[in-house]
Amino acid sequence: MPPTKNPLQIYKHLPRTNCGECYLPSCLAFAAAVTSGAKNPAECPYLRADAARDLTDNIIKREPYEIQREEHLIRLQQAIASRDLPAAAARLGARLAGEKVVVTCLGKDFFVDRQGKVTSECHTHCGLTIPLLSYLLNSNGDVLTGRWVPFRELRGGQPMSGLFEQRGEKRLQRLADRHPELFDDLVAIFGGMEQKNTFAADTAVILMPLPRLPVLICYWRLEEDLDSKLNIFFDITADRHLGIELIFELTVGMVMMFEKIAIKHT
Ligand code: SF4
Numbered sequence: 016m017p018p019t020k021n022p023l024q025i026y027k028h029l030p031r032t033n034c035g036e037c038y039l040p041s042c043l044a045f046a047a048a049v050t051s052g053a054k055n056p057a058e059c060p061y062l063r064a065d066a067a068r069d070l071t072d073n074i075i076k077r078e079p080y081e082i083q084r085e086e087h088l089i090r091l092q093q094a095i096a097s098r099d100l101p102a103a104a105a106r107l108g109a110r111l112a113g114e115k116v117v118v119t120c121l122g123k124d125f126f127v128d129r130q131g132k133v134t135s136e137c138h139t140h141c142g143l144t145i146p147l148l149s150y151l152l153n154s155n156g157d158v159l160t161g162r163w164v165p166f167r168e169l170r171g172g173q174p175m176s177g178l179f180e181q182r183g184e185k186r187l188q189r190l191a192d193r194h195p196e197l198f199d200d201l202v203a204i205f206g207g208m209e210q211k212n213t214f215a216a217d218t219a220v221i222l223m224p225l226p227r228l229p230v231l232i233c234y235w236r237l238e239e240d241l242d243s244k245l246n247i248f249f250d251i252t253a254d255r256h257l258g259i260e261l262i263f264e265l266t267v268g269m270v271m272m273f274e275k276i277a278i279k280h281t
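Numbered as in the working numbering, the sequence shown ends at 281 without a single skipped number.
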């Protein structure tokens, strides 16, 4: 068996009788417990000793964080299934395509079906799908005010502001220092909108990671005797569309994606 952290791969090697003798309700639950490290394959009495050893040797245990994220995603998908998606689309600046809601994130369309499954021509991952589904479920649909505030001024932002500065703003600043073409790319690839005369920045671009959740990036270039500077601002309504942890995750995830793209192109 090749190394795996996928419960379904482990499930295939189990008896699949759901007998419950491992004190779990099903073989699938046992497989999930094995990948999280909560159970050992040898705890299934019906698995041959050599098969149990083979599984033990090839399981890549998932981090608790990864498991929590998957569970969070499943809960959101279950909640989506019981929601009125057309009403949510009308409230949140999304549109309908047949049975699916289309949400435009960074200029690209993401399709959400009745089961909360998210598809797109772009790569999808928990870092985007969790904020996107939360937005559909929890945003109150407030319209933008045009009043920009830093992360620390959003509800719950103060305690996380140092981390946001390190993981979001400083990283993006370093990237902009190394790649002067970054802001042109943000406009061309991600539908960024260049702003003039904003906070006296040398460059200011608005990105839309979610329809009612714009992000304003302001960059001041490196001068002879002055360090460069970069700040990220949010509309003051941002925390009414998404919880502060997800705003953090969405923004930092976006910065990490820009880093990866920059690495690929150098
Ligand atoms: S004891 Fe084995 S066969 Fe029975 S439910 Fe657990 S994993 Fe499945």
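All C-beta atoms in this analysis are idealised placements derived from N, C-alpha and C, irrespective of residue type, glycine included.
Leu228 has Leu225 as its beta-bridge partners, per DSSP. For Met269, the secondary structure class from DSSP, reduced to helix, strand or coil, is helix. Residue pairing by DSSP puts Glu209 in a beta bridge opposite Val220. By alpha-carbon distance to Ala47, the top candidate from Ala64, Pro79, Ala66 is Pro79.
Membership of Arg31 in any alpha helix (DSSP H) is not indicated, and neither H nor E is assigned to it by DSSP.
In this structure, the beta-carbon distance from Val220 to Gln210 falls below 8 Å. Counting C-beta atoms within 10 angstroms of its own C-beta, Leu241 has fewer than 16 neighbours from the protein chains shown and is therefore classed as exposed. Between the alpha carbons of Arg129 and Ile204 lies a distance of about 29 Å.
Set against 7 Å, the gap from the CB of Phe273 to the closest heavy atom of the ligand SF4 is not smaller. In the structure shown, Ala47 falls within a helical segment according to DSSP collapsed to helix, strand and coil.
Pairing Gly177 with Pro40, the inter-Cα distance amounts to about 44 Å. Cα atoms of Pro174 and Gln24: separation of roughly 41 Å, rounded to the nearest angstrom. Counting the other Cβ atoms within 10 Å of the Cβ of Thr134 gives fewer than 16, which makes it exposed.
Only residues of its own chain outside the window of five on either side were considered, and among them Phe248, Phe249, Ile251 have a CB closer than 7 Å to the CB of Val164, listed in chain order. Between Thr160 and Leu88, the gap from beta carbon to beta carbon reaches 8 Å or more.
By the Cβ rule, the segment 150-158 counts as touching the segment 84-98, because three or more pairs are nearer than 8 Å.
Cβ-Cβ distances below 8 Å link Asp192 to Leu237, Ser243 in the same chain, with the five nearest sequence neighbours on each side left out; the list follows chain order.
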